[in-house]
Amino acid sequence: MSPAIALKGFVRDAIYRDHIRLWSNRHEESISSHSDSADVALKHIVDGFVHFRNEVFPQQEELFKKLATAQSPRAMFITCADSRIVPELITQSSPGDLFVTRNVGNVVPPYGQMNGGVSTALEYAVVALGVQHIIVCGHSDCGAMRAVLNPDSLDKMPTVKAWLRHAEVARTVVEQNCSCSGELETMQVLTQENVISQLHHLRTHPSVAAKMASGQLFIHGWVYSIETSEILAYDAELDRFIPLDGSGPTPMASPKARFSAD
8 MSPAIALKGF VRDAIYRDHI RLWSNRHEES ISSHSDSADV ALKHIVDGFV HFRNEVFPQQ
68 EELFKKLATA QSPRAMFITC ADSRIVPELI TQSSPGDLFV TRNVGNVVPP YGQMNGGVST
128 ALEYAVVALG VQHIIVCGHS DCGAMRAVLN PDSLDKMPTV KAWLRHAEVA RTVVEQNCSC
188 SGELETMQVL TQENVISQLH HLRTHPSVAA KMASGQLFIH GWVYSIETSE ILAYDAELDR
248 FIPLDGSGPT PMASPKARFS AD
């Protein structure tokens, strides 16, 4: 391991230890004062920034100087907008490591259907930034998946309802194939099927398909458990989700490359 990498890891670990301590303290305060005014809620956010500016930033000022003029992320991370999911914390990534895109339900619209945020970010990540991995990450207790199961609950949120039509394939698969014992199991299976559906949508994007065909881009489907921190990863060869524990080859959702990158 090079000194630079070792130093980066040391700084990253120190930052996250500090971040977790601060987050834990402030989260406990937030829970106890959930009914506080909007001014108090904003003060928590501003206090967090002040702590970052005065305590955290100085520890990695050199890193931010390098990032000030360019970025070269390792991977694109597409996940839910749920406030409980923090990709950089879950993966212990430093600033500049992940190109993160978030939306309700970790949805990836098929190519050509919506030329908006996700599609634009996806094309930029693959073509301009040259990311080598794209991770689609669902999570436990997902409100979007609960809404997919109960579409009438979205009658007052027409935009969300229209957006979650991109998850209807997953719901149909579950309804017609899963003999689930209750809502909890249904939610678990639906969350996994939604990740698989979004992986299929991902492959309809020309920039993604071309890089995958030449083995320059790999896609992954994960489901993160908020309660246990476990991640289940989709293995395309086994066609099922298996624990991501670092004990063997990382499960992949990518097919084998058909062309040479040269």
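Terminal number for the sequence shown in the numbering used here: 269, no gaps in between.
Cβ atoms here follow ideal geometry from the backbone N, Cα and C, with glycine treated the same way.
Check your understanding: Which stretch, first to last residue, makes up the beta strand (DSSP E) that contains Pro250?
Key -> 247-250
Check your understanding: How would you call Lys218, buried or exposed, if buried means at least 16 neighbouring beta carbons within 10 angstroms?
Key -> buried
Review point. Among Ile52, Ser188, Ala82, Gly228, which one has its Cα closest to the Cα of Val107?
Key: Ala82
**Study point:** Supposed close pair Thr193, Cys187 - CB separation, criterion 8 angstroms
**Key:** 4 angstroms
Exercise for review: Measure the alpha-carbon distance for Ala174 versus Gly124 and round it to whole angstroms.
Suggested key: 17 angstroms
Practice item. Grab me the residues of Cys185's own chain with a C-beta within less than 6 angstroms of its C-beta, minus the 5 sequence neighbours each way, in chain order. Key: Val196
Exercise for review: Pair every Cβ in the segment 207-218 with every Cβ in the segment 243-259, then say whether three or more of these pairs are closer than 8 angstroms.
Suggested key: no
**Study point:** Residue closest to Ile233, alpha-carbon to alpha-carbon, out of Leu70, Ser90, Phe59
**Key:** Ser90
Practice item. Could you tell me the distance, in whole angstroms, from the CA atom of Glu244 to the CA atom of Lys263? Key: 10 angstroms
**Study point:** Between the CA atoms of Ile52 and Asp46 - distance to the nearest angstrom
**Key:** 10 angstroms
Point to revise | Top-ranked residue by Cα proximity to Val114, from Val138, Asp104, Met152 | key: Met152
Review point. For the candidate residues Asp148, His140, Leu136, whose alpha-carbon lies nearest to that of Leu209?
Key: His140
Exercise for review: Return the CA-CA distance between Ser160 and Thr76, expressed in angstroms with no decimal places.
Suggested key: 45 angstroms
Check your understanding: Nearest-angstrom Cα distance between Ser267 and Ser221?
Key -> 5 angstroms
Exercise for review: Determine the burial state of Phe84: buried for a count of at least 16 other Cβ atoms within 10 Å of its Cβ, exposed for fewer.
Suggested key: buried
Review point. Going by the beta-carbon positions, is the gap between Gln273 and Val230 smaller than 9 angstroms?
Key: The structure shown has nothing for residue 273, since the chain only spans 8 to 269.
Review point. What whole-angstrom Cβ distance do Val181 and Leu171 have, given they're in contact under 8 angstroms?
Key: The pair is not a contact, with the Cβ atoms about 14 angstroms apart (cut-off 8 angstroms).
Exercise for review: Please name the residue in Pro102, Phe71, Gln205 whose C-alpha comes closest to that of Cys144.
Suggested key: Gln205
Exercise for review: Pull up the CB-CB distance for Ile238 and Ala260, whole angstroms please, since I reckon it's below 8 angstroms.
Suggested key: Contact flag wrong, Cβ pair sits at about 13 angstroms.
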